[in-house]
Structures are given as structure tokens and as C-alpha cells.
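Note that the sequence shown ends on residue 237 in the numbering used here; no numbers are left out. The C-beta atom is built at its ideal place from N, Cα and C for all residues, glycine as well. Here's the structure we're looking at; comments come further down.
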Amino acid sequence: MDKLEMLYEGKAKKVYKTSDPDKYIVDYKDDATAFNGLKKGTITGKGVINNRVTNHLMKLLEGHGIPTHFISQLSQRETLVKKVGILPLEVIVRNVAAGSLAKRLGLEEGTRMKKTVLEFCYKCDALDDPMVNRYHILAMEYADEEQLDKICEYSLKINDILSQYLKDVGIELIDFKLEYGVTDDGELVLADEISPDTCRFWDIKTHEKLDKDRFRRDMGGVEDAYKEILFRLMGEA
Ligand code: UDP
1 MDKLEMLYEG KAKKVYKTSD PDKYIVDYKD DATAFNGLKK GTITGKGVIN NRVTNHLMKL
61 LEGHGIPTHF ISQLSQRETL VKKVGILPLE VIVRNVAAGS LAKRLGLEEG TRMKKTVLEF
121 CYKCDALDDP MVNRYHILAM EYADEEQLDK ICEYSLKIND ILSQYLKDVG IELIDFKLEY
181 GVTDDGELVL ADEISPDTCR FWDIKTHEKL DKDRFRRDMG GVEDAYKEIL FRLMGEA
């Protein structure tokens with residue numbers, strides 16, 4: 001399947017049309033941004049790793065009955081996906097306090113939540129992705145009630161599947177961000193990516209950070225952390 005015109009260039013990926021009107025190609029870049037684009041850089045090899053890790057996890061989720069946009073990996077950086085309209089929501093799932101939650105509630109990073117926390121943010125760079133609740137989402141029609149119920153159900157199930165899977169390779173799933181889309185047929189599917197850019201992964205024993213926080217916080221060892229995730233999930237360097 002060939003790439004036709006580029007539809008959209010985001011911070012970490014480009015999206016292209018194909019000759020099939022129901023399919024797009026996603027092309028992962030090495031560009032890294034944080035703090036809503038304020039911090040910019042390059043993580044060499046990130047595009048390849050995020051493409052492969054995302055596809056690996058999307059296939060795992062499909063196998064557990066979660067519908068996703070994934071169709072097939074085309075190359076190291078490119079994947080064929082179903083064309084969807086992305087809902088303007090970031091769904092954040094949290095098992096352990098970190099990042100903005102630790103700050104907002106005055107919790108020490110690493111504090112386990114007594115119950116999984118779901119948060120929603122309205123995807124809007126100009127407003128810095130403000131947090132919204134169920135009422136805002138329905139009032140603003142970012143999603144309808146049926147979609148929102150499914151989003152909550154899928155997100156909690158995804159958390160269970162990924163947490164268990166990652167635990168088996170020595171990784172603690174601290175928190176992560178999901179995005180959902182709707183196909184032309186009206187099916188709600190998991191879209192976007194699941195990668196060290198969008199998840200917090202800590203080594204279970206040492207609590208070493210193996211994700212984008214190393215870039216956000218100038219901790220060094222960013223490329224090695226991404227490679228370590230690829231290695232633990234797929235057994236490849
Ligand atoms: N996240 C993301 N994109 C965003 C915001 C957050 O992928 O635009 C992910 C982030 O990597 C982390 C989780 O969502 O795994 C929770 O992020 P948080 O709200 O703590 O924000 P951050 O500290 O990353 O600004």
C-alpha cells in the first residue's frame with residue numbers, strides 16, 4: 001500500500017492517505033516534545049521503537065477482545081491503520097501517582113492509588129489540554145454517552161491486560177494515555193500509540209524510569225531506556 005498525500009503532521013507522527021479510502025499510514029518520527037511543545041529534541045531510534053512497541057501491544061489487546069485501529073506493520077516506522085475520526089479526548093489511566101497527579105494532589109511520586117484512576121483531558125494545544133469530566137464531555141459532545149461508557153470499560157480492561165503483561169517482564173505500569181477513534185461505520189476503536197512516549201514504565205525492582213520522563217526531566221539514558229522496553233517486550237536489541 002503506497003503513501004499518498006500527507007494529511008497531518010503531529011509532534012511524533014505523520015499520517016498519510018492511501019489508495020484505500022478506509023486506510024491510513026502512520027509514520028513514526030524521532031522528534032520528541034514535552035510540556036506542550038515547549039521542550040523539543042530528538043530521541044534517535046524512537047520512531048522505530050514506538051512503532052514496534054505500539055503494534056506489539058495493539059495485537060496483544062486485539063487478542064483480548066479490544067477493538068483497535070491496527071491493521072498491519074508496513075516497515076520499521078510505518079503502520080497501516082483503519083481510518084478513524086479521533087475523539088478530542090486524552091484518556092489517562094493511573095495506577096500509581098506520578099507527574100501531574102502527584103503535583104495536583106500533593107502526593108509523593110510512587111504512591112499506589114487504592115483504586116485505578118481515570119482522567120479525561122480535552123485535546124486542545126491552545127488550551128493546554130484542560131482536564132474535563134463526564135459532564136463536560138457530554139455537554140460539549142466530545143463523545144456521546146455510549147462511547148464514553150465503552151471508553152471507560154475498554155480503558156480499565158486495557159489497564160488490566162497491560163499491567164499483567166508488563167509485570168511478567170519486570171515492568172510496573174505507572175500510568176498511560178489512550179486515544180480513541182470512530183470508524184466510518186461508527187465503531188469505537190483504540191487508536192494512536194502505546195509506547196514509552198505515552199506510558200510511564202518503571203523497572204519493578206529498581207523503580208528506574210524506562211520512559212519519556214528521562215527526556216522531560218533531562219535524566220540522560222533516554223535512548224537506552226526506549227531500547228530496554230523494546231528488548232523486554234520483544235526480546236530484541
Ligand atoms: N501523557 C501523554 N500525552 C500527554 C499527556 C500525558 O502521553 O499529552 C501520558 C504521560 O506520558 C503519562 C500519563 O499520560 O504516562 C500521565 O501524564 P501526566 O498527566 O502526569 O502529565 P505529564 O506529567 O506527562 O505532563
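A residue is called buried once 16 or more other Cβ atoms fall within 10 Å of its Cβ, and Gly85, having fewer, is exposed. For Ser72, the secondary structure class from DSSP, reduced to helix, strand or coil, is strand. For Lys227, the uninterrupted alpha helix (DSSP H) segment begins and ends at 222-234. Look at Lys11 here: in three-state DSSP terms it is coil, with no helix or strand label. An exposed status is given to Phe35, since fewer than 16 other beta-carbon atoms sit within 10 Å of its beta-carbon. Per DSSP, reduced to three states, the secondary structure at Arg77 is coil, with no helix or strand assignment. For Pro196, the number of other beta carbons within 10 angstroms of its own is at least 16, and it is reported as buried. From the listed residues Phe176, Leu118, Tyr142, Met113, the smallest Cα separation to Ile194 is found for Phe176. In the DSSP assignment, Tyr135 falls within the alpha helix (DSSP H) that extends over 134-139. Pairing Glu223 with Thr42 gives a Cβ-Cβ distance that is not under 7 Å. Distance from the CA of Phe215 to the CA of Asn95, rounded to the nearest whole angstrom, comes to 22 Å. Ala32 is bridged by DSSP to Gly41. Glu119: member of the beta strand (DSSP E) spanning 112-122, first to last residue. Relative to ligand 1, the nearest heavy atom lies less than 6 Å away from the CB of Ile92. A distance below 7 Å between beta-carbons, with the five flanking residues on each side excluded, links His56 to the following residues of its chain, in chain order: Leu233, Met234. Between the alpha carbons of Asp144 and Lys209 lies a distance of about 36 Å. Proximity of the beta carbon of Phe176 to ligand 1 is indicated: a heavy atom of the ligand is located closer than 6 Å. Rounded to the nearest whole angstrom, the CA to CA distance from Ala139 to Tyr226 is 39 Å. The three-state secondary structure of Met219, taken from DSSP, is coil. The Cβ-Cβ distance between His64 and Ile161 falls below 7 Å.
Non-local beta-carbon contacts of Lys11 in its own chain, meaning distances under 7 Å to residues more than five positions away in sequence, involve Asp31, Thr33, Gly37 in chain order.
Separation of Leu173 and Lys167 (C-alpha to C-alpha, rounded to the nearest whole angstrom) is 8 Å.
Around Thr68, the same chain offers Met58, Leu61, Glu62, Val189, Leu190, Ala191 as residues with beta carbons nearer than 8 Å, after the five sequence neighbours per side are excluded. Asp203: member of the beta strand (DSSP E) spanning 199-203, first to last residue.
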